[in-house]
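A.B. asks: Numbering (UniProt numbering), first residue to last: 1 to 955.
The beta carbon of each residue, even a glycine, is placed where N, CA and C say it ideally should be.
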């Protein structure tokens, strides 16, 4: 076989009743060693279509067995199986005699499919099919498409088995073809043969041509060599053989002339096969070696063109990859392909285009690839990071930076350093260092002057963008003036006062620049003229020495330019007018001094609270107020201040706390004649005795019957000794109140003793009210000197001695004792001085000095999450290693707490401990420990979750 033998071969079997056609495609492939011929067999009738209509499905099922109905419907994708069975039964009842005749000619032959065949070049190829004939008059013909070269005329011919009642339609690319200068459509006199002629064939005429008669459609392919049916008897090297029912087509020495489509046709049926010759894709080894050894290098902004030639038939699929990712064409990337080469074009290359590019060729036979390295060179990137100033004094400024992240593909040859005075626009070159150096010392500076620097990297292609520094002073800058204070404000003048800066920058302060601005404005102007009445101003001050101006101070508080209004004086005669379980009423008199107030600010604080809370959102205009929503029997403190445009007056506080309850009152009856001394009722009746009484707190009520307390329910029965049939009882009502009407008096003489290490024993003298009231007891509180909040250490203590435990060594504590009864709490008894808990005594074991070796920091035992009750202390510990000894830093939510007096920390022999005394809800969050030395750093995190934070805190 040769490459010309590749084509489509058909086998046609026909008789008086119809014909059958089968096609075979012959594909000839050529490689380095041998050519492969691939025969692809396909049946025209089994071409995939859309699901048939109901009429088409009835025709298909009419000739099949009943047991195959369901399988055939599934193969054709027809879903209405029950409906088609019902209509099939109706159709069979009305079936005509000519249907039986049709079955006869369809059963007059059986045509088997071609088999796929693979053979070597120059060998013989055989197409065979089995045709079982019942009619000896049937004809069998082999056809191959006729080649028509460009600019010649191509003709398609179709012959029908019987004359059609509807016209035949030719279509190309979906458009119907009609007779014109390009196309000639001809019909034979008997109406069975249709011919389509295509004149002056051009490349644009290639494609699929479709012939349709009603629902019957067939397609022919036209390429640069259009095809007409021609018996293969005329083709060199092709032999037709018949062995009984087996028909064979034999090719010897396959060549390019055998390439094409072959058709075997029997009337009504046909079979086709295509024979084509293919070569696997190949790239010249010298080209591969050159691509791998010589990378493509170009400058940024240039266009990269990579062209790789190859061979292959048919033309293989071409795909370009960059660093393993398939390239997608865009405005800068374009792939051009010819028959024997592929070209990749990258416009305006950038540094990021550098990488490994791969061309992959793939065909049905084999695949191959070629790799090339692209290197785009450019200016370097700016130096990295923030510039570090190693030394800043009045004689020199030394700085350090990091090399650029990308040198642009070329070595950095040098760095250029430029400088300008702060506030200036022009830059002056002050030095240039070698590309391997990353430090520079500028020794041409003036003491106290502020400077700004920028650094650029340079390679063979140019200079990078600059890395600019922050402002830096040659020596210590002049200090910041504290926030100025305003006094003596009138409508046309104010007095501005400030303190001198803490540092003068090495030169004496020559003066100060005072500026002002209107509130809300961003424009500062020097103070050179007067003020505008009723205008609000802010002021700032800047210190000046011989090096220039320093940093401006923080703006002062805003002030209104108008004559001052005097603030009101102290409110007079604050007193309680009434109290109930949930409300307290107060009244007061306006102040005598200052201007008249426009309102009053009343504030309240519970006895166990620290913060004062305003009773109203806006000032009270009157001189009395009733505060509701209070907790029953809880003590509250009050204070009040008068307010006007001139400001807020000083507060005056109520001397004694007030209980939210009615005033104490001894119990007494309020009978008012409603209860008789003697009552008579009939046995079995209900007796109701109403008794009214008053008392605060609520008295205890006891009913007695004949001097004995009742059980809560009594039964009246008929008596024996009385003539009236009654029984007499003595009924008494006893109302008793709480023995104490006031809060207890405080204990006295508090003494502190540390009997056991880590504990404190408190002793005090009893309150005089303890013996008279069984409900009186003591509450013990403690407070660390680092916090103003008191926390309960013990409750319901009835003795005059108690030992407090859980104290931290080295910490200082205050202690408080309070007496409490049902009315409220006494005044507190506090320790006068803080009590220090002694640390445990440590001893030292001498050991030989360890051998010096450096170790990167790491954790042996990490931190763990903690959950503690509010008011308790929390201790976090972990173990770490590192040499030289790492520096330890603690953080809470990324904020350093190493220097905070709120926390106590220690780090000894690789064990680090953090103690949080008397935890509150504000201490919750994430804590981080950072250990760092010159070899690196390590960090460890944990979470703290305080719970039960709603318990009462006493202040």
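With a Cβ-Cβ cutoff of 9 Å, do residue 593 and residue 574 count as a contact?
C.D. replies: Looking up residue 593 in the chain shown gives position 593. Looking up residue 574 in the chain shown gives position 574. Going by C-beta atoms, residue 593 is not nearer than 9 Å to residue 574.
A.B. asks: Who pairs with residue 241 in a beta bridge, going by DSSP?
C.D. replies: By one-based count along the chain shown, residue 241 stands at place 241. Paired residue(s): 248.
A.B. asks: Where do the ends of the beta strand (DSSP E) carrying residue 877 lie?
C.D. replies: Taking the first residue of the chain shown as position 1, residue 877 is located at position 877. Here the beta strand (DSSP E) through residue 877 covers 874-883.
A.B. asks: Where DSSP assigns a beta bridge to residue 369, which residues make up the other side?
C.D. replies: As a working note, residue 369 is residue 369 in the chain shown. Residue 369 pairs with 360.
A.B. asks: Rounded to whole angstroms, what's the CA-CA distance from residue 928 to residue 792? Just pull it up for me.
C.D. replies: Counting from one through the chain shown, the residue named residue 928 turns up at place 928. Counting from one through the chain shown, the residue named residue 792 turns up at place 792. Those two C-alpha atoms are separated by around 30 Å.
A.B. asks: Please list the terminal residues of the continuous alpha helix (DSSP H) segment that includes residue 837.
C.D. replies: Residue numbering aside, residue 837 sits at position 837 when the chain shown is read from its first letter. It is not in any alpha helix (DSSP H) - residue 837 carries neither H nor E in the DSSP assignment.
A.B. asks: Tell me the DSSP bridge mates of residue 450?
C.D. replies: Taking the first residue of the chain shown as position 1, residue 450 is located at position 450. 473.
A.B. asks: Could you name the residues that DSSP lists as bridge partners for residue 636?
C.D. replies: For the purposes of this step, residue 636 is identified with residue 636 of the chain shown, where counting begins at 1. 606, 658, per the DSSP bridge assignment.
A.B. asks: May I ask you to list the residues that DSSP assigns as paired with residue 666?
C.D. replies: The residue given as residue 666 occupies position 666 in the chain shown. Residue 666 is not bridged to any residue.
A.B. asks: Could you tell me which residues DSSP puts in a beta bridge with residue 626?
C.D. replies: Counted from its first residue, the chain shown places residue 626 at position 626. According to DSSP, which records beta bridges pairwise, residue 626 is partnered with 585.
A.B. asks: Identify whether residue 99 lies in helix, strand or coil by the three-state DSSP scheme.
C.D. replies: The count along the chain shown starts at 1 and reaches residue 99 at position 99. Because residue 99 carries a pLDDT of 38, less than 50, the predicted location of this residue cannot be relied on, and the following value inherits that uncertainty. It is helical.
A.B. asks: For residue 679, name the three-state secondary structure that DSSP assigns.
C.D. replies: Residue numbering aside, residue 679 sits at position 679 when the chain shown is read from its first letter. In the structure shown, residue 679 sits in coil (DSSP, three-state: anything other than H, G, I, E or B).
A.B. asks: Please report the distance separating the alpha-carbon of residue 348 from that of residue 413.
C.D. replies: As a working note, residue 348 is residue 348 in the chain shown. As a working note, residue 413 is residue 413 in the chain shown. Going by the C-alpha atoms only, they are around 26 Å apart.
A.B. asks: Can we say the region 561-568 touches the region 641-657, given the rule of at least three CB pairs closer than 8 Å?
C.D. replies: Contact holds: three or more Cβ-Cβ distances are below 8 Å.
A.B. asks: In whole angstroms, give me the CA-to-CA distance for residue 581 and residue 626.
C.D. replies: Position 581 of the chain shown, counted from the start, is the residue given in the question as residue 581. Position 626 of the chain shown, counted from the start, is the residue given in the question as residue 626. Rounded to whole angstroms, residue 581 to residue 626 spans 13 Å at the Cα level.
A.B. asks: Taking the straight line between their C-alpha atoms, what separation do you get for residue 447 and residue 453?
C.D. replies: Position 447 of the chain shown holds residue 447. Position 453 of the chain shown holds residue 453. Taking the straight line from one Cα to the other gives about 16 Å.
A.B. asks: Using a Cβ-Cβ cutoff of less than 6 Å, which residues in the same chain neighbour residue 930 once the five nearest sequence positions on both sides are dropped?
C.D. replies: Numbered from its first residue, the chain shown carries residue 930 at position 930. Closer than 6 Å at Cβ, skipping near neighbours: 889, 939.
A.B. asks: Find out if the Cβ-Cβ distance for the pair residue 397, residue 445 is shorter than 9 Å.
C.D. replies: Taking the first residue of the chain shown as 1, we reach residue 397 at position 397. Taking the first residue of the chain shown as 1, we reach residue 445 at position 445. Cβ atoms of residue 397 and residue 445: closer than 9 Å.
A.B. asks: Within this structure, are the beta carbons of residue 262 and residue 254 separated by less than 9 Å?
C.D. replies: Your numbering for residue 262 matches position 262 in the chain shown. Your numbering for residue 254 matches position 254 in the chain shown. Not closer than 9 Å, so no.
A.B. asks: Is residue 611 buried or exposed, if buried means 16 or more other CB atoms sit within 10 Å of its CB?
C.D. replies: Along the chain shown, one-based indexing puts residue 611 at 611. That one is exposed.
A.B. asks: Let me confirm a value: residue 687 is counted as buried when at least 16 other C-beta atoms fall within 10 Å, else exposed. Which label applies?
C.D. replies: What you label residue 687 is simply residue 687 of the chain shown in a count that begins at 1. Residue 687 comes out exposed.
A.B. asks: Which first and last residues belong to the alpha helix (DSSP H) in which residue 62 is found?
C.D. replies: For this step, residue 62 is matched to residue 62 along the chain shown. Segment 54-62, the alpha helix (DSSP H) holding residue 62.
A.B. asks: Determine, using beta carbons only, whether residue 786 and residue 917 come nearer to each other than 9 Å.
C.D. replies: To locate residue 786, count along the chain shown from 1; it is residue 786. To locate residue 917, count along the chain shown from 1; it is residue 917. Contact flag set, yes.
A.B. asks: From 415, 419, 237, 588, pick the residue whose C-alpha is nearest to that of residue 437; which is it?
C.D. replies: In the chain shown, counting from the first residue as 1, residue 437 sits at position 437. Considering only alpha carbons, the answer is 415.
A.B. asks: So, does the region 469-480 touch the region 495-513, judging by three or more C-beta pairs under 8 Å?
C.D. replies: The region 469-480 is in contact with the region 495-513.
A.B. asks: Mind checking if residue 333 is an interface residue toward chain B, Cβ cutoff 9 Å exclusive?
C.D. replies: No chain B appears in this structure, which consists of one protein chain only.
A.B. asks: Taking one C-beta from the region 483-491 and one from the region 532-542 each time, how about it: are there three or more such pairs within less than 8 Å?
C.D. replies: The region 483-491, when compared against the region 532-542, does touch it at the 8 Å Cβ threshold.
A.B. asks: Is it true that the CB of residue 166 sits closer than 9 Å to the CB of residue 213?
C.D. replies: Counted from its first residue, the chain shown places residue 213 at position 213. Counted from its first residue, the chain shown places residue 166 at position 166. It is a contact, given that the beta carbons lie within the stated cut-off.
A.B. asks: Tell me, please, which residues DSSP counts as bridged to residue 395.
C.D. replies: Counting from one through the chain shown, the residue named residue 395 turns up at place 395. The partner list for residue 395 (beta bridge, DSSP) is empty, contrary to what the question assumes.
A.B. asks: Please determine, among 588, 705, 465, 331, the residue with the shortest C-alpha to C-alpha distance to residue 653.
C.D. replies: Your numbering for residue 653 matches position 653 in the chain shown. Of the candidates 588, 705, 465, 331, the one whose C-alpha sits nearest the C-alpha of residue 653 is 588.
A.B. asks: Can you name the start and end residues of the beta strand (DSSP E) that residue 947 belongs to?
C.D. replies: Position 947 of the chain shown holds residue 947. Element bounds for residue 947: 936-947.
A.B. asks: DSSP on residue 1013, reduced to helix/strand/coil?
C.D. replies: As shown, the chain starts at 1 and ends at 955. That puts residue 1013 outside it, with no answer to give.
A.B. asks: Whole alpha helix (DSSP H) runs in the UniProt domain "Ig-like" (285-375) with 4 or more residues, listed along the chain?
C.D. replies: If we require 4 residues or more, the alpha helix (DSSP H) runs fully inside the UniProt domain "Ig-like" (285-375) come out as 285-293.
A.B. asks: Among 499, 629, 528, whose alpha-carbon lies nearest the alpha-carbon of residue 492?
C.D. replies: In the chain shown, the residue the question calls residue 492 occupies position 492. Comparing Cα positions, the closest option is 528.
A.B. asks: Along the alpha helix (DSSP H) that carries residue 70, what are the first and last residues, could you check?
C.D. replies: Along the chain shown, one-based indexing puts residue 70 at 70. First-last of the alpha helix (DSSP H) with residue 70: 69-76.
A.B. asks: Whole angstroms are fine: how far does the CA of residue 240 sit from the CA of residue 252?
C.D. replies: Translated into the one-based positions of the chain shown, residue 252 becomes position 252. Translated into the one-based positions of the chain shown, residue 240 becomes position 240. Taking the straight line joining both Cα atoms gives about 12 Å.
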